[in-house]
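Accompanying notes for the structure given below.
In our numbering, the protein residues as written are 1168 to 1271.
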């Protein structure tokens, strides 16, 4: 609804969204346009018949170098060394006391 001073104008309508698959409109690629695009962007175009050329070009390209990164995180089995020491001392003391009293 639009209003201008004392005059009001209104309009109504409807629209419908149709199911349309754009890929079905052009079934064949524009090969010349794609080749032109690849030449202008310092690229290259390949066809299915020369798929080995893609592999060779990618392997010989110096922009793509393999990088291996690794990180080591060494975590001790028992984080509390003092607790391990206390447990070992207690077990040793228990064994000694039982051995001394003749229970073992």
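Ideal placement from N, C-alpha and C gives every residue a C-beta, glycine not left out.
Only a predicted model underlies this, so the values are computations on that prediction, with no experimental measurement involved.
Report the CB separation of residue i from residue j in whole angstroms; it is logged as a contact under 8 Å.
i: residue 1228; j: residue 1211; result: The Cβ separation is near 11 Å, so there is no contact.
i: residue 1202; j: residue 1213; result: Wrong, their Cβ atoms sit about 10 Å apart, outside the cutoff.
Mapping DSSP to helix, strand and coil, what is residue i?
i: residue 1239; result: coil
i: residue 1193; result: coil
i: residue 1261; result: helix
i: residue 1206; result: helix
i: residue 1244; result: coil
i: residue 1225; result: helix
i: residue 1234; result: coil
i: residue 1270; result: coil
Excluding the five sequence neighbours on either side, which residues of its own chain have a C-beta within less than 8 Å of the C-beta of residue i, listed in chain order?
i: residue 1265; result: 1271
i: residue 1182; result: none
Quick one, are the C-beta atoms of residue i and residue j less than 8 Å apart?
i: residue 1245; j: residue 1252; result: no
Using a Cβ-Cβ cut-off of 7 Å (strictly less than) and excluding sequence neighbours within five positions of residue i, which residues of its own chain qualify?
i: residue 1230; result: none
i: residue 1233; result: none
i: residue 1259; result: none
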